[in-house]
Amino acid sequence: MNDDGSHNSQKGTLKSEWTLLLDSFVEEENPKATVIQGLPQEFIHETMRELSVQKHSLFQQIEDVKAQIEETHVVIENLQLVGSDTQGAHNRIADLHEQGATLTETIHTLDKKIKKVRTLAG
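Numbering (my numbering), first residue to last: 1090 to 1211.
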């Protein structure tokens, strides 16, 4: 019999192999849909859960960036009222917009992976 440590090690190795296989399919840009028969449902659910958690985290980061942009707009308005230089705040907003664009692109990539996992799972 295997002890729990050995069983977990084998399970981790199997999970790694399935992950590599799935990643190889996900990264392909083949428009033809492929269904992998025998893909363990536990693996599919776990992969979908991990991708969903990543997507949720990215949405939270976008909300944080949005809040920072709004705060910076208020700072700009206040600086303009007192006649101070607003260039630093405008640069900050440009940086935040760039961060938001990067996060949005990452979400689109993640959505493609989620769609591909659903397609591969049948």
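Don't be surprised by glycine CBs; every beta carbon is placed ideally from N, CA and C. In this text, all values refer to a predicted model and were calculated from it rather than measured experimentally.
Nearest in C-alpha terms to Q1143, of all of A1156, E1159, H1197, L1168, is H1197. As the crow flies, the alpha-carbon of R1138 is around 43 angstroms from that of Q1176.
Between the region 1186-1206 and the region 1160-1176, the count of C-beta pairs closer than 8 angstroms stays below three; the two stretches do not touch.
Uninterrupted beta strand (DSSP E) stretches at least 3 residues long and entirely within the region 1138-1197 do not occur. With 16 or more other Cβ atoms inside 10 Å of its own Cβ, V1206 counts as buried. Rounded to the nearest whole angstrom, the C-alpha separation of L1209 and K1155 is 35 angstroms.
Residue nearest to F1148 within the set T1191, K1202, K1204 is T1191 (criterion: CA-CA distance).
In summary, T1161 is buried, with 16 or more beta-carbon neighbours lying within 10 Å of its beta-carbon over all protein chains present. Contact check for A1178 against I1165 passes: the beta carbons are separated by less than 8 angstroms. Remark: C-beta atoms of I1203 and L1140 approach each other more closely than 8 angstroms. Linking L1199 to I1133 through their CA atoms gives a straight-line distance of about 15 angstroms.
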